[in-house]
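Heads up, the thing below is written out as structure tokens.
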Amino acid sequence: MSRTIHCLNRIALSLILIFIVSMGVEAQRLGITAETDRSEMLVGERAAIDLVVRTADISGTRIIIPPDSLQQNFDLLSYQPVDTTELGDGLYELSARMVITAWDSCLLVVPKIRVVCAGEEAEAGPFVIKVNEPSVDISRPDSIADIKAPWQVKLKVGDILTLIIRHSLFYIFLALILLSLLFLLWRRYQKRKALRLPEVSPAYVPTAYEQSKIRLEHLDREAEHYSPKNFYTELLDVLRIYLVEVSDIPAMEMLPKELREAIDASFELETTALADVQTEANLAKYAKGEFAINRMRAAIVPVTDMLDHINTILIEREKAATLPQREKEAEV
Numbered sequence: 317m318s319r320t321i322h323c324l325n326r327i328a329l330s331l332i333l334i335f336i337v338s339m340g341v342e343a344q345r346l347g348i349t350a351e352t353d354r355s356e357m358l359v360g361e362r363a364a365i366d367l368v369v370r371t372a373d374i375s376g377t378r379i380i381i382p383p384d385s386l387q388q389n390f391d392l393l394s395y396q397p398v399d400t401t402e403l404g405d406g407l408y409e410l411s412a413r414m415v416i417t418a419w420d421s422c423l424l425v426v427p428k429i430r431v432v433c434a435g436e437e438a439e440a441g442p443f444v445i446k447v448n449e450p451s452v453d454i455s456r457p458d459s460i461a462d463i464k465a466p467w468q469v470k471l472k473v474g475d476i477l478t479l480i481i482r483h484s485l486f487y488i489f490l491a492l493i494l495l496s497l498l499f500l501l502w503r504r505y506q507k508r509k510a511l512r513l514p515e516v517s518p519a520y521v522p523t524a525y526e527q528s529k530i531r532l533e534h535l536d537r538e539a540e541h542y543s544p545k546n547f548y549t550e551l552l553d554v555l556r557i558y559l560v561e562v563s564d565i566p567a568m569e570m571l572p573k574e575l576r577e578a579i580d581a582s583f584e585l586e587t588t589a590l591a592d593v594q595t596e597a598n599l600a601k602y603a604k605g606e607f608a609i610n611r612m613r614a615a616i617v618p619v620t621d622m623l624d625h626i627n628t629i630l631i632e633r634e635k636a637a638t639l640p641q642r643e644k645e646a647e648v
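Take the sequence shown: its letters are residues 317 to 648, numbered as in our numbering.
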């Protein structure tokens, strides 16, 4: 039993030693060293601090520079990475340089500079640099120059323009000028547009055929408001007016029979239906009773057919008249 306990103790001790050794080896993978190029300097001179960081994780490594609250006796002029070197076995060496200065004689103390990576931390420093005032040779006071007035730069026109162009207010002022010009141009355009006379498109004038169809539609719609005599007179006048406008027939001055003969002679159309409408018109003049509305509206159909036939004949004649001219133009 004692031998078993002794073996377990040895195993536990071995594991603890292995863990401690591995932690030490891992800790050695992060480190920082720093050196300064001088231990003393004069007021206003510069001192460089060279940093060397050893790490296994470049992206996760952060070098922590002393904050401004700790830079009481010196100013950090610059911090600049210098080089990165691969050491092997997953290790890298990063080098950087800090440049500091002091403006008063003192014992300058640069705080510790730390490096952090994945929860591990290493540090270097602090550094002590003695800052001395520059010595003045008072044995020769004539060599000491008097305090001179501040140097004044004489600016030329080009320098003044450069300073103006570089100022942000210049671009704001320029933008306001451009917007004002655009607004004035827009107002001028609107005024000219308002003064411009509107273009009046020519009114469409219906043809004689279209006007006749409109009158017939009106008669059909308003038939009950016409007396039989006035209805038939208006109906036949539609045909007469159309013939006067589209042909040489003096239809308004002709008797009913003369009108039928003129239509037959000019267009070679059957006029029997038109004769029936003319007969209805004569009956309406002397009839004492009332005409049925359907009977009056039925008289519109022959007149409409007559108009359609005459219009078709006129269109065909016009095409036949223009065909030779088109053939000549095609030959040319």
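Each residue gets a CB set at the ideal place from its N, CA and C atoms; glycine is no exception.
Contact under 7 angstroms by Cβ, residue i with residue j
i, j, result
"R613", "A567", "no"
"L590", "M622", "yes"
"A372", "G404", "no"
"V447", "L477", "no"
"A440", "I429", "yes"
"Y408", "E402", "yes"
"I616", "D564", "no"
"V359", "S455", "no"
"V369", "L410", "yes"
"S528", "V554", "yes"
"Y525", "N610", "no"
Span separating the alpha-carbon of residue i from that of residue j
i, j, result
"A418", "R362", "8 angstroms"
"L392", "E436", "26 angstroms"
"P383", "L500", "56 angstroms"
"V432", "I445", "26 angstroms"
"I348", "D462", "48 angstroms"
"R345", "V415", "27 angstroms"
"T549", "E561", "18 angstroms"
"E449", "E356", "11 angstroms"
"G340", "A350", "Residue placement at G340 is flagged as unreliable, the pLDDT there being 43, under the threshold of 50; the coordinate-derived value follows with that caveat. Roughly 22 angstroms between the two C-alpha positions."
"I480", "G474", "10 angstroms"
"L585", "H625", "8 angstroms"
"Y542", "T620", "19 angstroms"
Beta-bridge pairing of residue i - partner residues as DSSP gives them
i, result
"D399", "S411"
"E351", "D366"
"G404", "L407"
"I416", "A363 and L392"
"K428", "Answer is none; K428 lacks a bridge partner."
"V447", "M357 and C422"
"A581", "None; A581 has no bridge partner."
Per-residue burial, residue i [other beta carbons within 10 Å of its own, 16 or more giving buried]
i, result
"E632", "exposed"
"V618", "Checking the displayed sequence, the identity of residue 618 turns out to be Pro instead of Val. The residue in question, P618, is buried, as its Cβ has 16 or more Cβ neighbours within 10 Å."
"T523", "exposed"
"T595", "exposed"
"T638", "exposed"
"A636", "exposed"
"P544", "buried"
"V426", "buried"
"V593", "buried"
"Y602", "exposed"
"T377", "buried"
"A491", "exposed"
"I674", "Given a span of 317 to 648 for the chain in the structure shown, any question on residue 674 remains unanswerable."
"L532", "buried"
Cβ of residue i within 7 angstroms of any chain D Cβ
i, result
"I348", "Here chain D cannot be found, since the structure has a single protein chain."
**Study point:** Contiguous alpha helix (DSSP H) assignments of at least 4 residues, all confined to the region 590-635
**Key:** 609-614
Query raised in the report: Which ranges would you report for the alpha helix (DSSP H) in the region 464-548 if only whole runs of at least 4 residues count?
Result: 473-482, 484-511 and 524-537
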